[in-house]
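This report refers to the structure that appears directly beneath it.
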Amino acid sequence: MGRLKGDAYGPGTFFLMPCVDNCVRVDLRTVSFDVPPQEVLTKDSVTVSVDAVVYYRIKEPLNAVVKIANYSHSTRLLAASTLRTVLGTRNLAEVLSERENISHTMQTSLDEATDPWGVKVERVEIKDVRLPVQLQRAMATEAEATREARAKVIAAEGEMLASRALKEASDVISMSPAALQLRYLQTLSSISAEKNSTIIFPLPIELLIPFLGTSACHETLRPSTEQLPAKHLKIQPKILNIETPGTPK
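For this note's numbering, add 2 to where a residue sits in the sequence shown, where the first one is 1.
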């Protein structure tokens with residue numbers, strides 16, 4: 003009485019002596035349980051509520067029965083304590099972004115602690131991380147400001163690239179008079195496409211020179227003497243004979 007008799011029995015038929023032998027059934031299948039939400043103070047002094055789920059199984063039935071009174075209850079308490087300990091060493095950003103790393107750390111720590119009990123912790127998963135309402139609003143405001151700043155930077159970069167491309171295009175067009183004239187005509191065409199509008203746009207005669215003949219160009223550009231100012235006209239001096247009385251001819 004009070005001693006372990008032999009080894010653990012497997013499936014099959016076996017005999018027990020009434021009032022002397024006691025049989026304890028151990029489930030060797032993988033079992034899961036939920037860790038209740040834990041209020042944890044992170045490394046950067048932020049209070050968060052975190053819950054998790056743990057998957058474990060019994061790998062050594064004798065140790066699970068002999069070395070621990072209630073392996074299931076003890077494993078649950080240890081999981082909650084380990085969750086608070088691990089999260090207390092992380093800041094809020096790590097808790098939100100490194101769930102997989104935190105789960106692996108918890109699984110390793112729990113497995114080492116429950117190994118003498120014959121318990122094998124197979125997996126730990128962080129289910130949910132809940133933040134205070136005030137902190138959620140502050141984080142949302144910060145994220146919105148960051149997005150607006152990024153959008154302004156992208157818009158400024160786009161304007162810079164567009165201005166640089168426009169400058170290069172203007173340099174290329176200025177090197178070719180024909181291209182400049184075509185661009186001028188395209189501008190007139192796009193303006194004239196507007197409906198219900200009257201536009202008076204002066205057309206320099208120089209733009210029509212390439213489309214006119216050579217003789218027409220000379221005739222067009224030849225200034226008349228009537229339009230030239232007086233300083234450009236050559237005045238031919240004339241000799242006038244003025245007769246006075248008594249003067250011999």
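All residues carry an ideal CB built from backbone N, CA and C; glycine is no exception.
- Residues sharing a beta bridge with K122, DSSP: R59
- Output the distance between the C-alpha atoms of L168 and M141, rounded to the nearest integer angstrom. 41 Å
- Between the segment 48-62 and the segment 115-128, do at least 3 Cβ pairs fall closer than 8 Å? yes
- Message: Using the three-state DSSP reduction, which class does D117 fall into: helix, strand or coil?
- Response: helix
- Taking the alpha carbon of Y11 as the point to measure from, which residue in R27, L112, L94 has its own alpha carbon closest? R27
- Could you tell me whether the Cβ atoms of V48 and L94 are closer together than 9 Å? yes
- Query: Which of the three DSSP states, helix, strand or coil, is assigned to D173?
  - Reply: helix
- Query: Among V88, A82, E170, N65, which one has its Cα closest to the Cα of H106?
  - Reply: V88
- Message: Excluding the 5 residues flanking V174 on each side, which residues of the same chain have their C-beta closer than 8 Å to its C-beta?
- Response: A181
- Query: With DSSP run on the structure shown, which of helix, strand or coil describes V278?
  - Reply: Outside the displayed span of the chain (3 to 251) sits residue 278, for which this structure offers no information.
- Three or more C-beta pairs closer than 8 Å, one from the segment 29-47 and one from the segment 56-75: is that the case here? yes
- Could you pull the start and end residues of the beta strand (DSSP E) that L98 belongs to? Unbroken run through L98 is the alpha helix (DSSP H), 94-99; no beta strand (DSSP E).
- Message: Quick test of your reading: R92 and I104, contact by CB under 8 Å. State the CB separation rounded to the nearest angstrom.
- Response: 7 Å
- Query: Using the rule of at least 16 other Cβ atoms within 10 Å of the residue's Cβ for burial, across every protein chain shown, is S172 buried or exposed?
  - Reply: exposed
- Message: If you follow the alpha helix (DSSP H) that V88 is in, where does it begin and where does it stop?
- Response: 73-90
- Query: Helix or strand or just coil, what does DSSP make of K2?
  - Reply: This structure leaves residue 2 out entirely; the chain is present only between 3 and 251.
- Pair within 9 Å by beta-carbon distance, K45 and P118: no
- Using only alpha-carbon positions, find the residue among V131, A81, E96, E159 that is nearest to S111. A81
- Query: So, using beta-carbon positions, are V67 and V97 closer together than 9 Å?
  - Reply: no
- Using the Cα positions of F16 and S34, report the straight-line distance between them to the nearest angstrom. 30 Å
- Leaving out five residues before and five after S76 in sequence, what residues of the same chain have Cβ atoms less than 6 Å from its Cβ? I70
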